[in-house]
Ligand code: HEC
C-alpha cells in the first residue's frame, strides 16, 4: 500500500502542484468562465477576482470535475468529433483546478492577463418577435416553461439565417427555443392551448405540445447564433412561430419580455432542414439508476430523404430523467462516434455545431442512445411532452448534398 501511495505521489505533474491563481487558474477562468461569470453576465456570480474564485473554489472544483461547467456538455476532447464554440477543459486544466482548490488556493504573483472582448457585433435585424411582459411563476416548481405564439410578419417565402436573443431579465432567462408549428392544424392546436391557459402564453414543458420543427435554440453565453454561411431555415409566407422560454428561479424580479431579432433573407445558397431523429418507443421502468434506450436505423428512415446529407449541427433532447446521450454512425463495418454527451443536463438544451460538417449517406445507419435514471420514480415513464414524460431525440440541422 505504501509503495503504491508513493508511486502515485511521484506521478504528479509538477506543473499541477505549483499551480497558483494568477499563473494558472485566472487564465482558465478568463478563457472559459467569465464570458458568463462577470458583472452583468448571465452567470449567477463573478469569477473575475482572486477573492471570489477562492471563496467558491470547492463549488468550482465540483462543477469542472463533473463537467457541468462550462455548460457545453458534448465531449469535445477530440475523442468524438470537434465542435466549434464549445469550450472543453483539458484533463490537465481540470486537475490543476482540483489540486489548487484542495491545497490552500495559493494566490501567486500578480500577472496581467488579456481578456477577450465580450462585446458582440451589431446584429443585422430584418424582423423581430417579442411578447408582452410575462410574470414567471415559481409557485409549484423552480422552473417555468412558457410558450408564446409570435408573428415575425414574413411577407414572402424566405430563410432565417441567424438570430439574436435579448431577454429583459437575464437573471431568470435560462433558455429559449423557437419552433415552427407544422401546418395549420398544429398552429390552431397551439392557439387552443394558449386560450385554455390564463395569462400571456401557455405552459409548455418538453416542447410546444403540437407538431413542430425546432428552428432556433439559444442558451446564455452568446446572444447571437448564425446558421452556417449561406444556409438558412425556410420560413413560409405568414409563418407563425412558437417561442419557448425556460425561466429558472434565480431572482426576486420575475417579470420578463424577451425580444428575438431575426435575420431573414429572400435567397440563400442552401436550405437547412431541421429534423428530429426520434426514438419515441421508450418505456422506462421505475427504480432503475441506469436504463438504456437505443434505436438503430438507416439515415434515410430518419431523414425521409434518399440523398446524402451534410450535417452541420446536432443536439440531444431528453427530459429530467436523462443522464447521458450519444449517437454513432455505422458505415458498413465501421463505427464513428457522432456526438457524446456523457452528462446530459435538461437545463442546458444545446445544439452543437461541428467544426467540419459530417456527410451521411442514406444507407448509413445511426444508432441513438439515451440513458435515464428513474431511481426516484414510482411508475413506468413513456414518451410525451409533459413533466412526467420522457423523450429521446436528436435535433439534426442538415442540408441535402
Ligand atoms: C455560457 C455561460 C457560462 C459559462 C461559460 C460558465 N458558466 Fe458557470 N454558470 C452559468 C449559469 C447560467 C449558472 C447558473 C446555474 C446553472 O444553470 O447551472 C452557472 C452556475 C455555475 C456554478 C454553480 C452551479 C454548479 O453547477 O455548481 C458554478 C460553480 C459555476 N457555474 C462555475 C463555472 C466555471 C468554473 C466555469 C468555467 C470553467 C463556468 N462556470 C462557465 C453560466 C456559465
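In the numbering used here, the protein residues as written are 104 to 504.
Even glycine gets a Cβ: it sits at the ideal position worked out from N, Cα and C.
Ranked by Cα distance from residue 265, the options 129, 446, 321 are led by 321. In the structure shown, residue 337 falls within a strand segment according to DSSP collapsed to helix, strand and coil. For residue 171, the shortest C-beta to heavy atom distance toward ligand 1 is below 8 Å. For secondary structure counted as the alpha helix (DSSP H) over 4 or more consecutive residues, the segment 226-301 holds these complete runs in sequence order: 286-299.
A contact is defined here as three or more CB-CB pairs under 8 Å, and the segment 331-350 fails this definition with respect to the segment 201-210. The C-beta of residue 398 has 16 or more other C-beta atoms within 10 Å across all chains shown, which makes the residue buried. When Cβ pairs closer than 8 Å are counted between the two stretches, the segment 273-289 is seen to touch the segment 357-365, the count reaching three or more. In this chain, residue 308 is not harboured by any beta strand (DSSP E), its DSSP state being neither H nor E. Burial check for residue 485: the Cβ neighbour count within 10 Å stays below 16, so the residue is exposed. For residue 126, the secondary structure class from DSSP, reduced to helix, strand or coil, is helix. In the DSSP assignment, the residues bridged to residue 418 are 498.
Rounded to whole angstroms, the separation of the alpha carbons of residue 407 and residue 448 is 29 Å.
Counting C-beta pairs with one atom in each stretch, the segment 468-485 and the segment 195-208 have fewer than three that are closer than 8 Å, which means they do not touch.
In the DSSP assignment, residue 399 is bridged to 470. Excluding residues up to 5 positions away in sequence, 446 lie with their Cβ nearer than 8 Å to the Cβ of residue 169 in the same chain.
If you draw a straight line from the Cα of residue 344 to the Cα of residue 371, it is about 21 Å long. Collapsing the DSSP output to three states places residue 431 in a strand. The Cβ-Cβ distance between residue 453 and residue 140 does not fall below 9 Å. Where residue 205 is concerned, the enclosing alpha helix (DSSP H) starts and stops at 194-205. Counting along the chain, residue 163 sits inside no beta strand (DSSP E); it lies in the alpha helix (DSSP H) bounded by residues 160-168.
In this structure, the beta-carbon distance from residue 498 to residue 423 does not fall below 9 Å. Looking from the CA of residue 136, the closest CA among 437, 470, 152 belongs to 152.
Between the segment 241-249 and the segment 305-325, the count of C-beta pairs closer than 8 Å reaches three or more; the two stretches touch.
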